[in-house]
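Remarks on the structure that follows.
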Amino acid sequence: MAVNCLIIVDVQRDFCPGGALPAAGGNAIVPVINGLMDRFDYIVASKDWHPAQTVHFEKWPVHCVRGSEGAKFHKQLNVEKINEVVLKGTGNTDDGYSAFEGTNVDLSSWLRKNKVTDVYVCGIATEYCVMATASDAMKNGFRTTVITDAIAAVEAHPGDTEKALNTMKESGLHMVSRKQI
Ligand code: VGL
Ligand code: ZN
Numbered sequence: 007m008a009v010n011c012l013i014i015v016d017v018q019r020d021f022c023p024g025g026a027l028p029a030a031g032g033n034a035i036v037p038v039i040n041g042l043m044d045r046f047d048y049i050v051a052s053k054d055w056h057p058a059q060t061v062h063f064e065k066w067p068v069h070c071v072r073g074s075e076g077a078k079f080h081k082q083l084n085v086e087k088i089n090e091v092v093l094k095g096t097g098n099t100d101d102g103y104s105a106f107e108g109t110n111v112d113l114s115s116w117l118r119k120n121k122v123t124d125v126y127v128c129g130i131a132t133e134y135c136v137m138a139t140a141s142d143a144m145k146n147g148f149r150t151t152v153i154t155d156a157i158a159a160v161e162a163h164p165g166d167t168e169k170a171l172n173t174m175k176e177s178g179l180h181m182v183s184r185k186q187i
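Just so you know, we're using the numbering used here here: the sequence shown kicks off at 7 and counts up by one.
Quick look at the structure:
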């Protein structure tokens, strides 16, 4: 029997309009994600959770420093239904783009322990942490689907999002809109 898990990637204040590294569509996906939660057996949410000083901030504006306002979940995200929170990017020398690089929880083991077979990925940012998480989910043997209208991009360079969507499709990930679930 299929056991499914929704992985909500980095729906944090710094990645939404007004934050340090915003995705333009960050606010709009929150009600979509809230509306999907009841369909899943498990819900995991990742948090970008950086130390104040990290090599990661040589590439990016300072964002999601652990314990800061910007690192909190989006105000409207329904956090009560989250079964596990995965913290990533917690070191001084790693980017921690994928939720499978969590430092407090080994996500792959957690999913296996709960007999999860199917993983659905949503959240921010399409071309970084969403793509890295979906790719790792597939590599770890989970049937993996990206929910295309529940993701938002930072689009640091024009064209990045389209490229990422093509890369994900070509890699064998399932790409569906919420109505197709
Ligand atoms: C992310 C850039 C830097 C993400 C995190 O959540 O996609 N992007 N840190
Ligand atoms: Zn980061």
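Backbone N, C-alpha and C fix where the C-beta goes; we use that ideal spot for every residue, glycine too.
Since the model is a prediction, treat every value here as computed from it, not as a measurement.
Burial state of residue i, where buried means 16 or more other Cβ atoms lie within 10 Å
{"i": "Ala-30", "result": "exposed"}
{"i": "Tyr-144", "result": "A quick correction: the sequence has Met, not Tyr, at residue 144. The residue is buried, with at least 16 neighbouring Cβ atoms inside 10 Å."}
{"i": "Thr-173", "result": "exposed"}
{"i": "Lys-53", "result": "buried"}
{"i": "Ser-141", "result": "buried"}
Cβ neighbours of residue i in the same chain (closer than 7 Å, five flanking residues each side left out)
{"i": "Gly-165", "result": "none"}
{"i": "Glu-75", "result": "Arg-19"}
{"i": "Val-38", "result": "Asp-155, Ala-156, Arg-184"}
{"i": "Lys-87", "result": "Met-43, Ile-49"}
Cutoff 6 Å; reference residue i; Cβ partners in own chain excluding five residues on either side
{"i": "Tyr-103", "result": "Tyr-134, Cys-135, Ala-138"}
{"i": "Ala-159", "result": "Ala-29, Ala-131, Thr-132, Glu-133, Thr-167"}
{"i": "Thr-96", "result": "Trp-55, Thr-109"}
{"i": "Thr-60", "result": "Asn-98"}
{"i": "Glu-107", "result": "Lys-94"}
Which residues DSSP lists as bridging residue i, in chain order
{"i": "Ser-52", "result": "Val-15, Val-92"}
{"i": "Arg-149", "result": "Asp-124"}
{"i": "Gly-24", "result": "None; Gly-24 has no bridge partner."}
{"i": "Val-182", "result": "Ile-153"}
{"i": "Phe-79", "result": "Gln-18"}
{"i": "Asn-10", "result": "Asp-124"}
Residue i: first and last residue of the uninterrupted alpha helix (DSSP H) it sits in
{"i": "Ile-187", "result": "Run containing Ile-187: none; DSSP gives neither H nor E here."}
{"i": "Val-36", "result": "35–42"}
{"i": "His-62", "result": "62–65"}
{"i": "Ser-114", "result": "113–119"}
{"i": "Glu-161", "result": "Element bounds for Glu-161: n/a, residue is neither H nor E."}
{"i": "Glu-133", "result": "First-last for Glu-133: undefined, no H or E at that position."}
{"i": "Asn-172", "result": "166–176"}
Residue of the options minimising C-alpha distance to residue i
{"i": "Val-91", "options": "Leu-117, Asn-98, Glu-176", "result": "Leu-117"}
{"i": "Val-9", "options": "Ser-183, Tyr-48, Ala-140", "result": "Tyr-48"}
{"i": "Trp-66", "options": "Ala-34, Glu-161, Gly-178, Ala-105", "result": "Glu-161"}
{"i": "Cys-11", "options": "Val-152, Lys-78, Phe-21", "result": "Val-152"}
{"i": "Asn-146", "options": "His-80, Asp-124, Leu-83, Lys-81", "result": "Asp-124"}
{"i": "Phe-79", "options": "His-163, Asp-16, Pro-23", "result": "Asp-16"}
Residue i Cβ short of 7 Å to ligand 3 heavy atom set
{"i": "Leu-27", "result": "Here the bound small molecules are ligand 1 and ligand 2; ligand 3 is not part of this structure."}
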